[in-house]
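> Can you keep this structure in mind? I'll have questions shortly.
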Amino acid sequence: MAQAELENEISADGNAPSPDTDGDQTSSQGDPNRHTTGTRFTAEEIYDNVRVAADEELKRPSAALFWSALAAGLTIGFSFFAGAYLSSLVAEPYRESAAAVGYPLGFIFVVMARNQLFTENTLEPIIPLLHCPKWPTLQKLLSLWIIVLIGNMIGAIIFAAIAADTPIVEPHFKTALLRLAEHSTSGGFGIVIYRAIYAGWLIALMAWLVASTHATFAQLALIWLTTAPIAAFGFRHSIAGAVEAFYRAFVGSAGWGDMLANFVLPAIIGNIIGGVTFVALLNHGQVAADRAAKASKESGNED
């Protein structure tokens, strides 16, 4: 959806403001119904930014969603490359920290390109469902999840296969890739779920925060701030981690069944729990409570 079209629809809803000429602050002129708090968006404005954009995503053709998701699954692999490269430059005690610095690269590419990443969708299409809980909306959500997840996984498999089975990657770099992949996909089913909950929380939080500003530099900073901790703290991301898991399977470091059952599946479950619970439900709760209080106050004033 074009930025101007999105802003017009939000403005018509009377909630979220259009940016000023600097692209980051809201104007205090014009719409008397606009909710403003200084120069920052309110929770309601962020909520409506997310909701309106997500409504459009739910209406997109399946083919468009798939190709976007495939692009995301491929592109997210650059987080794997960046982390492995930086970790190879330093000694053992600093490798995890170095990998965390490079880890956001793939996420920056994916988010700024507006590609479909499954874990972002633990927030965005959930908001329209919570806003208007109807069976058709749930059907669209589940369809989007399935299409995006399949596209992401196919992209991750292709990226991992290229890295593992072609000479595009130097032999000495493959050592760094395998070392990082083994570290990032360890833990077993239960541990991966727990760690994936935090990763899902951070990615959904990233989607929420990115909707709070129109400034490109601010969005870049927010993406980095919310994704670097995933690598730094050993959390588990289902799509970026799938590239690493599939790489291990291709080079023979682990079996396909082991990676799918003990990493990919629990990471997906944990990411969904984290994103839906700690970002979508909590932020919907605060906005719904605010709007209920305002409606009650307006009703009292009319009486």
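Per this note's numbering, the sequence shown starts with residue -7, numbered consecutively. Glycine included, each C-beta is placed from N, C-alpha and C at the ideal position. Here the structure is a predicted model, which is why all the values come from computation and not from measurement.
#1: Compare the Cα-Cα distances from Leu273 to each of Leu115, Glu162, Glu294, Ile150 and report the closest residue.
#2: Please specify which runs of the alpha helix (DSSP H), each continuous and at least 4 residues long, are wholly inside the segment 73 to 154, giving them in chain order.
#3: Would you identify the three-state DSSP class for Val184, choosing helix, strand or coil?
#4: Using a C-beta cutoff of 9 Å, does Phe33 count as contacting chain D?
#5: I'd like to know if the segment 228 to 238 and the segment 247 to 263 are in contact, where contact means that at least 3 CB-CB pairs between them fall below 8 Å.
#6: Buried or exposed for Lys132, going by 16 or more other Cβ atoms inside 10 Å?
#7: For Ile150 versus Leu66, is the C-beta spacing smaller than 9 Å?
#8: Whole-angstrom Cβ separation of Ser245 and Glu174, contact assumed at under 8 Å?
#9: Classify Gly180: buried if its beta carbon has 16 or more other beta carbons within 10 angstroms, exposed otherwise.
#10: Can you tell me which of the three DSSP states Val161 falls into?
#11: Roughly how many angstroms lie between the CA atoms of Pro159 and Lys166, to the nearest whole one?
#12: Might you give, ordered along the chain, the residues of its own chain that have their beta carbon closer than 7 Å to the beta carbon of Ile154, omitting 5 neighbours on each side?
#13: With distances taken Cα to Cα, identify the nearest neighbour of Leu109 among Gly147, Gly75, Glu37.
Reading off the structure:
#1: Leu115
#2: 87 to 94, 96 to 104, 118 to 123
#3: helix
#4: Judged by its chain identifiers, the structure shown contains no chain D, having just a single protein chain.
#5: yes
#6: buried
#7: yes
#8: 6 Å
#9: exposed
#10: coil
#11: 10 Å
#12: Ile160
#13: Gly147
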